[in-house]
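Trainee: Mapping of the sequence shown onto my numbering: residues 118 to 301, in sequence order. From the three backbone atoms N, C-alpha and C, an ideal C-beta is built for every residue, glycine too. Note that this is a predicted model, so its numbers are computed, not measured. Below is the structure I would like to discuss, written out as structure tokens.
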Amino acid sequence: MSTVRKTPPEFQPPDFSLPHLIEIGQQLVQEQQRVQEMGLAAAYNKSLYFNRKLGDTAEPPSLPTTPFFRAYHPDTRERQPEIASQSYPGQPSSTRLAPEMVTQVNQILAQGQRLGIEYVDERRFRTNSWNCYGTVEGKGAEAMALLESCLDQYPEHYIRLVAIHPQDRRRLQEVVIQRPSTPK
118 MSTVRKTPPE FQPPDFSLPH LIEIGQQLVQ EQQRVQEMGL AAAYNKSLYF NRKLGDTAEP
178 PSLPTTPFFR AYHPDTRERQ PEIASQSYPG QPSSTRLAPE MVTQVNQILA QGQRLGIEYV
238 DERRFRTNSW NCYGTVEGKG AEAMALLESC LDQYPEHYIR LVAIHPQDRR RLQEVVIQRP
298 STPK
């Protein structure tokens, strides 16, 4: 049996010379520029902010699979990217909703209430005869998608959000978020 002698590792002293530190600094700047050009960090941070804002922390955020610079075209649904380029300032770019609407939805869901979305035309509005578009409980991203769908489908109708108590189904709050542009 041969005995293997283990020698302690030898470490080279770090090079703290000014030219070497400048070279390392330039490499860091170039790497940061590559990260910014790709836009991955911005997309990841927006996704994190959007999911945390809506309370959906169960699933980790995913990066968009569509190109970053495609514009939203309301007349062609297949061209709509996951991250729309048109959004309100200060809002995540994955929603086209006004900040007030996002705030209303977040407040209702944060209180543990069910969100109802209702719509009505001008004539039925006078008789208070609303139609239910759908309800969502606890899933912010789903609620935002449902609300965007309702707004797209009924652009000339009244639309309101309803906060519903989950156990006894009482209506706790009703907020009209859209009115027809030309009421008769």
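#1: In the DSSP assignment, what residue or residues form a beta bridge with Leu289?
#2: Scan the stretch 235-273 and note each continuous alpha helix (DSSP H) run of 4 residues or more that stays entirely inside, going in chain order.
#3: List the whole-angstrom C-beta distance separating Ala280 from Leu289, where the pair is believed to meet the contact cut-off of C-beta under 8 Å.
#4: Tell me whether Glu217 is buried or exposed, calling it buried when 16 or more other Cβ atoms sit within 10 Å of its Cβ.
#5: Nearest-angstrom Cα distance between Gln295 and Arg277?
#6: Could you tell me the alpha carbon to alpha carbon distance between Glu254 and Leu214, rounded to whole angstroms?
#7: Considering Val279, what are the terminal residues of the beta strand (DSSP E) in which it resides?
#8: Which residue wins for smallest C-alpha separation from Glu291, given the options Arg243, His274, Leu232, Leu263?
#9: List the DSSP bridge partners of Arg231.
#10: Does DSSP put Gln129 in a helix, in a strand, or in coil?
Mentor: Looking at the coordinates:
#1: The residue given as residue 289 occupies position 172 in the sequence shown. Paired residue(s): none; Leu289 is not in a bridge.
#2: For the stretch 235-273, the full-length alpha helix (DSSP H) segments reaching 4 residues or more read 239-243, 257-270 along the chain.
#3: As a working mapping, residue 280 is identified with position 163 in the sequence shown. As a working mapping, residue 289 is identified with position 172 in the sequence shown. In this structure, Ala280 and Leu289 form a Cβ contact; the two beta carbons are roughly 4 Å apart against a cut-off of 8 Å.
#4: The count along the sequence shown starts at 1 and reaches residue 217 at position 100. Exposed, because fewer than 16 other Cβ atoms sit within 10 Å of the Cβ of Glu217.
#5: The residue you call residue 295 lines up with position 178 of the sequence shown. The residue you call residue 277 lines up with position 160 of the sequence shown. In this structure, the CA atom of Gln295 is about 7 Å from the CA atom of Arg277.
#6: For the purposes of this step, residue 254 is taken as residue 137 along the sequence shown, with counting starting at 1. For the purposes of this step, residue 214 is taken as residue 97 along the sequence shown, with counting starting at 1. Annotation: Glu254 to Leu214 spans about 19 Å, alpha carbon to alpha carbon.
#7: As a first step, residue 279 is located in the sequence shown; it is residue number 162 there, counting from the start. Residues 275-281.
#8: Here residue 291 refers to the residue found at position 174 when the sequence shown is read from its first residue. The residue with the shortest Cα to Cα distance from Glu291 is Leu232.
#9: The residue given as residue 231 occupies position 114 in the sequence shown. Note: Arg231 sits in a beta bridge opposite Glu254, Ile281.
#10: Along the sequence shown, one-based indexing puts residue 129 at 12. Assignment of Gln129 by DSSP, reduced to helix, strand and coil, places it in the coil class.
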